[in-house]
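Residue numbers for the sequence shown follow the numbering used here, beginning at 11 and rising by one. Everything on this sheet refers to the single structure shown next.
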Amino acid sequence: MAESDVKVLFGTRVRQLRKARGWSQENFAHEVGLDRSYMGGVERGERNVSLENICLIARALVVPPAELFKGWDAAADGRDSEK
Numbered sequence: 011m012a013e014s015d016v017k018v019l020f021g022t023r024v025r026q027l028r029k030a031r032g033w034s035q036e037n038f039a040h041e042v043g044l045d046r047s048y049m050g051g052v053e054r055g056e057r058n059v060s061l062e063n064i065c066l067i068a069r070a071l072v073v074p075p076a077e078l079f080k081g082w083d084a085a086a087d088g089r090d091s092e093k
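Structure follows, in structure tokens:
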């Protein structure tokens, strides 16, 4: 799996969890304690998120950090078929 794929998968999962709570990006960024434009970049897969920020995001969503990586195995299976 390419680095860009990892960032997109992570951002997609964060967006799913945020929307499930009915939060706007602005409200979510406030809950996390990070800038809205940064969080938008995370959701679009443009940011390489640090471990510290992963923990902040998980804490705001009230989920364990591992929940942010849920579903990656199936996505990797479909993308790495040439290996």
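Cβ atoms here follow ideal geometry from the backbone N, Cα and C, with glycine treated the same way.
Hey, quick one: how far does the alpha helix (DSSP H) through residue i stretch, first residue to last?
i   : result
F20 : E13 to A30
N63 : L61 to L71
A39 : Q35 to V42
R46 : R46 to E53
By how many angstroms is the C-alpha of residue j removed from the C-alpha of residue i?
i   : j   : result
V59 : A39 : 14 Å
G51 : D83 : 23 Å
L27 : L71 : 7 Å
K29 : M11 : 26 Å
T22 : E77 : 12 Å
Can you say whether residue i is buried or exposed, counting buried as having 16 or more other CB atoms within 10 angstroms of its CB?
i   : result
L6  : Missing from the structure shown is residue 6; the chain here goes from 11 to 93 and no further.
D90 : Low confidence applies to D90: its pLDDT is 48, below 50, so where it sits in the model is not reliable enough to give any reading.
E13 : exposed
G55 : buried
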